[in-house]
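Colleague: I'd like to ask some things about the structure below.
In the working numbering, the protein residues as written are 17 to 1016.
Okay, structure coming up:
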């Protein structure tokens, strides 16, 4: 036994001598003072446990830790959690994975690493890579050749690294093994065709090369393990043909540190996992490391000299931790106090940069408490002890039957406990979110397994590429061309009020604008999140007020405000087509605050210029106004057998296409003060953007369109759209509603054109297409549809003919001339079930019933009854809704029909809001709202119209039930009168009688 004395200095200046007795057991826990061959555990772990960016330590010596590991499956979620735990104290940068066994191809961005994989057969094969997040900017391509061969390309400046991960066939898999093996090596050779000098081929080759021969020195070192088999001969020939060095043979290791696979009984050990390199001199070490992960393979790692000092990632303030606790917010407020000073003698750019610097300095003083909420409390001490026991049993030579049985039991117990703890942790977070916010979106996002990246894109020629640089270039080229049409003169529009002054921006306006910013959103190029300025709102407000007033006075903006990052948000359709992504601009946070202030100033003026046809982005209007109007028009035209044509217009990239010249003209035409027009024009004058995926692309100029993500953009777009419709001469078109012409309805860019004849509709669409093209908008003929209850006469515009359809989803509701309501109810119920089962783990869990009720009322019910105010409430409709809700209630209580429990007893337990009654009440309230309305909106005009066309005739027999029939019955009207605004207002506020709901 050795004795070690540690002499330490206490706070009072005295010395404290502590004696440690070094026994054989705790001697193993001490790390050597030099790098030695790794054994069962990694003897060269990360520099400290909390360091997540190990590449920064490795790259001080220009090296990468590159590993290959047969993990025997990542199919189950507990396998990923267990792997992350096993790698926590391992020093690695890149890991090639064999036997992933996931039947799909994905690229996921997790908090600390990027996971890429591909599998073609369920439960078999599959290969992939794990790359530390700090290295994601160097990834240029992830290319797969099959579910056994994949290549990762990384560009480090003067060095391009190509890593090929393989998983060879097992020796006793098929009778025609020779052909399969030959095909496998051909795929590896194909992957080698486009590689350079820094190439690594690694993985599970299922081959034994034994001890190298003297004549094999060109591809091997002098060190080997075991005996060579026929598959080993093939591997040696492959290395000779492709001039690859087997790194496993280059460094002297103990025989215990050579084997990479062990049989289930522990008696047979072989070296079948290899790392092959083209450049022998850059391989500084090869080591075999045992991990605490459940696999019969061991991890093989090399230290590779990349001959290039990697650049550090850009500093991120508040991006990884997007939200702050109340304590952290108070701390930031205190730290930032008195930090901001404004110098009137300095230019705006200097004061702006000073503001950013002080915000970032304050954020750097905040202790880094970023954690993994996803993994907290999942790998507990009892699981850790079982993992250690399992690892001990794995390393037992010539294990007994009982030991093998115990090892099998431990595998199952660990998997079950991890899954149970994960589920428990997940439910705890979900319960907390439900108690606080009645939403699960945030918690579910933490458990979604990572953000899925764009795997591949088709370029302008239609060629598909997975190369990361080519993907960035494809997106950059597409949006550069989209925004390139420069029809902007740059001239300031003359305006009669140019000499008028505008009030200064007040502190309360800035405070309102900051509080309006949503939490948890990504930052722009300034790397400052909304959460950061919300935490520092008190000291920031007076400083920003001075800055914004100076900008408003001088009409000069900071340079950063003209720049933005564009991230792609997948919509639907083929994910390889760039047109199926929505570009979202990530803007500087202080610009968004300033933009919100300007928006608040001009919103009232713009809203006053909008007609009743426009319901988008307006206070007091909703989608329901137009849904109700359309359904009422269809109901009345069907009742009187009149022909009606509806054209649902769709624009291609509407927000990205409008002309800036027409934007300035539209704002001036609609009475916006010239100072504000000049500010907006200055923002867009030198506007530029970059595509942001894993890396950031090159900058390109923006000459048209408005930025999606800018608070101002919706109002600017609707202003241009209003400019278009003011130039249309549609006075003689449309349909007659009480002596007024209704030609169209619009909610932002969702437009429906209304006509009684195909001829008039043709003329209306032609003029709309012509006027739209002047401002840069192009009608999309593939998505623009026509619906009619008459003859389907062909209608064409400049870009092609338009298709007729029987039904159309307009603003989230099915619109049709025949059986529309039944289609919509069935669709609503299907969507509600889909939403219900997406929350299966909550509804089928042991969470309290009151939380399940909360989720049902706030998530499932709105999905089920959306747009119910426009429904004709028949007994069949009410029955369908009630049947769904009762089935959902039984499901969340884990009851079945055969249990014979009454619905009243179930409802007494769940206390869920009754859907049928809610539908009736909402329709009743909507009727009162429309009856009392006095602003002349079309939903009111259609409801109050005594529509009895002279040229229309009803069919013989009892007419179909109308929307207003149940309302008239409850309100006490007689005949076929509609509820009128003259009725006393309190009639619409009283409780709905029982006979107001058809099933009661």
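Backbone N, C-alpha and C define an ideal beta-carbon position, used for all residues, glycine too.
1. One question on the structure: do residue 908 and residue 865 come within less than 9 Å of each other, judged by their Cβ atoms?
2. State the beta-bridge partners of residue 756 as determined by DSSP.
3. With respect to the beta strand (DSSP E) encompassing residue 580, which residues constitute its N-terminal and C-terminal limits?
4. Using a Cβ-Cβ cut-off of 6 Å (strictly less than) and excluding sequence neighbours within five positions of residue 1021, which residues of its own chain qualify?
5. I'd like the ranges of any beta strand (DSSP E) spanning at least 3 consecutive residues and lying wholly in the stretch 804-861.
6. I'd like the list of long-range same chain contacts for residue 761, defined as Cβ closer than 8 Å, with 5 residues on each side in sequence excluded.
7. Apart from the five residues just before and just after residue 1066, which ones in its own chain have a Cβ nearer than 6 Å to its Cβ?
8. Pick from 712, 423 and 794: whose alpha carbon is nearest that of residue 486?
9. Just to confirm, are residue 780 and residue 749 a CB contact at a threshold of 9 Å?
10. Can the beta-carbon of residue 163 be found less than 9 Å from the beta-carbon of residue 136?
11. DSSP has residue 166 in a bridge; who is on the other side?
12. Should the stretch 118-126 be called in touch with the stretch 192-206, which here means at least 3 C-beta pairs below 8 Å?
13. Run through DSSP, which three-state label would residue 670 get?
14. Could you give the distance in angstroms between the alpha-carbon of residue 186 and the alpha-carbon of residue 117?
15. Look at residue 423 and residue 435 and say whether their C-beta atoms are less than 9 Å apart.
16. On the criterion of 16 or more Cβ atoms from any shown chain inside 10 Å, does residue 601 qualify as buried, or is it exposed?
17. When the Cα atoms are used, what is the spatial distance from residue 312 to residue 219?
18. Determine the DSSP secondary structure at residue 83, reduced to helix, strand or coil.
19. Provide the residue span of the alpha helix (DSSP H) that contains residue 914, from first to last.
20. Assess contact between the stretch 695-714 and the stretch 520-529, defined as three or more Cβ pairs (one per stretch) separated by less than 8 Å. Is contact present?
21. From residue 224 to residue 198, what does the alpha carbon distance come to, in whole angstroms?
22. Within a Cβ cutoff of 6 Å, which residues of the same chain sit near residue 707, ignoring the five residues on either side of it in sequence?
23. What residue ranges within the stretch 716-786 form continuous alpha helix (DSSP H) runs of no fewer than 4 residues, ordered along the chain?
24. Decide if the stretch 895-908 is in contact with the stretch 939-947; the criterion is three or more beta carbon pairs, one per stretch, under 8 Å apart.
25. The alpha helix (DSSP H) spanning residue 601 covers which residue range?
26. Is the separation between the beta-carbon of residue 382 and that of residue 606 shorter than 9 Å?
27. For residue 1021, name the three-state secondary structure that DSSP assigns.
28. Kindly indicate which residue of 893, 723, 222 and 79 has the alpha-carbon position closest to the one of residue 276.
29. Can the beta-carbon of residue 541 be found closer than 9 Å to that of residue 604?
30. Touch check for the stretch 916-926 and the stretch 671-686: three-plus C-beta pairs under 8 Å?
31. Which value, in whole angstroms, describes the spacing of the CA atoms of residue 337 and residue 450?
32. How is residue 292 classed by DSSP in three states: helix, strand or coil?
33. Mind checking residue 627: buried by the 16 CB within 10 Å criterion, or exposed?
34. Which one or two residues does DSSP pair with residue 877 in a beta bridge?
35. Below 8 Å on the Cβ atoms is my guess for residue 841 versus residue 893; work out the distance and round it to an integer in Å.
36. Using a beta-carbon distance below 9 Å, is residue 122 in contact with chain C?
Modeller: Once the coordinates are examined:
1. Sequence index remark: in the chain shown, residue 908 carries index 892 (1-based). Sequence index remark: in the chain shown, residue 865 carries index 849 (1-based). The answer is yes: Cβ separation under 9 Å.
2. The residue you call residue 756 lines up with position 740 of the chain shown. Note: residue 756 sits in a beta bridge opposite 753.
3. On the chain shown, residue 580 is found 564 positions in, with the first residue counted as 1. Note, residue 580: beta strand (DSSP E), 579-586.
4. Any question about residue 1021 goes unanswered here, given that the chain covers just 17 to 1016.
5. 823-826 and 829-832
6. Here residue 761 is taken as the residue at index 745 of the chain shown, counted from 1. Cβ neighbours of residue 761 beyond the five flanking positions: 629, 631, 642, 645, 646, 767, 768, 770 and 954.
7. Here the chain covers residues 17 to 1016 and nothing more, so residue 1066 does not appear.
8. Here residue 486 refers to the residue found at position 470 when the chain shown is read from its first residue. Measuring from the Cα of residue 486, the nearest candidate turns out to be 712.
9. In the chain shown, the residue the question calls residue 780 occupies position 764. In the chain shown, the residue the question calls residue 749 occupies position 733. Yes, they are a contact pair.
10. Residue mapping note: residue 163 aligns to position 147 of the chain shown, counting from 1. Residue mapping note: residue 136 aligns to position 120 of the chain shown, counting from 1. Their beta carbons are under 9 Å apart, which means residue 163 touches residue 136 by this criterion.
11. Translated into the one-based positions of the chain shown, residue 166 becomes position 150. 160 and 181.
12. no
13. What you label residue 670 is simply residue 654 of the chain shown in a count that begins at 1. Coil.
14. Counting from 1 along the chain shown, the entry for residue 186 is found at position 170. Counting from 1 along the chain shown, the entry for residue 117 is found at position 101. The alpha-carbon atoms of residue 186 and residue 117 are separated by roughly 15 Å.
15. The residue you call residue 423 lines up with position 407 of the chain shown. The residue you call residue 435 lines up with position 419 of the chain shown. Contact: no.
16. Here the question's residue 601 lines up with position 585 in the chain shown. Buried.
17. What you label residue 312 is simply residue 296 of the chain shown in a count that begins at 1. What you label residue 219 is simply residue 203 of the chain shown in a count that begins at 1. Answer to the nearest angstrom: the Cα atoms are 14 Å apart.
18. Along the chain shown, read from residue 1 onward, the residue named residue 83 stands at position 67. In this structure, residue 83 counts as strand in the three-state DSSP scheme.
19. For the purposes of this step, residue 914 is identified with residue 898 of the chain shown, where counting begins at 1. Unbroken run through residue 914: none, as it is neither H nor E.
20. no
21. One-based indexing of the chain shown puts residue 224 at position 208. One-based indexing of the chain shown puts residue 198 at position 182. Between residue 224 and residue 198, the C-alpha separation is close to 17 Å.
22. As a first step, residue 707 must be located in the chain shown, where it is residue number 691. Excluding positions up to five away in sequence, the list reads 488, 491, 492, 582 and 713.
23. 729-742
24. no
25. The residue given as residue 601 occupies position 585 in the chain shown. No alpha helix (DSSP H) contains residue 601, which is instead part of the beta strand (DSSP E) from 597-602.
26. Within the chain shown, numbered from 1, the residue matching residue 382 stands at position 366. Within the chain shown, numbered from 1, the residue matching residue 606 stands at position 590. Not closer than 9 Å, so no.
27. In the structure as shown, the chain starts at 17 and stops at 1016, and residue 1021 therefore has no counterpart that could be examined.
28. Counted from its first residue, the chain shown places residue 276 at position 260. For residue 276, the nearest C-alpha among the options comes from 222.
29. Position 525 of the chain shown, counting from 1, holds the residue named residue 541. Position 588 of the chain shown, counting from 1, holds the residue named residue 604. Cβ distance < 9 Å, so residue 541 and residue 604 count as in contact.
30. no
31. Here residue 337 is taken as the residue at index 321 of the chain shown, counted from 1. Here residue 450 is taken as the residue at index 434 of the chain shown, counted from 1. For residue 337, the predicted structure reports a pLDDT of 48, less than 50, and the residue's modelled location is therefore unreliable. A value from the coordinates is still provided. If you take the alpha carbons of residue 337 and residue 450, they lie about 22 Å apart.
32. Against the chain shown, residue 292 aligns to sequence position 276. Note: residue 292 maps to strand in three-state DSSP.
33. Here the question's residue 627 lines up with position 611 in the chain shown. Exposed is the call here.
34. In the chain shown, residue 877 corresponds to position 861, counting from 1. DSSP, once it has assigned bridges, lists no residue as partnering residue 877.
35. As a first step, residue 841 must be located in the chain shown, where it is residue number 825. As a first step, residue 893 must be located in the chain shown, where it is residue number 877. The Cβ separation is near 6 Å, so the contact holds.
36. Of the protein chains in this structure there is only one, and it is not chain C.
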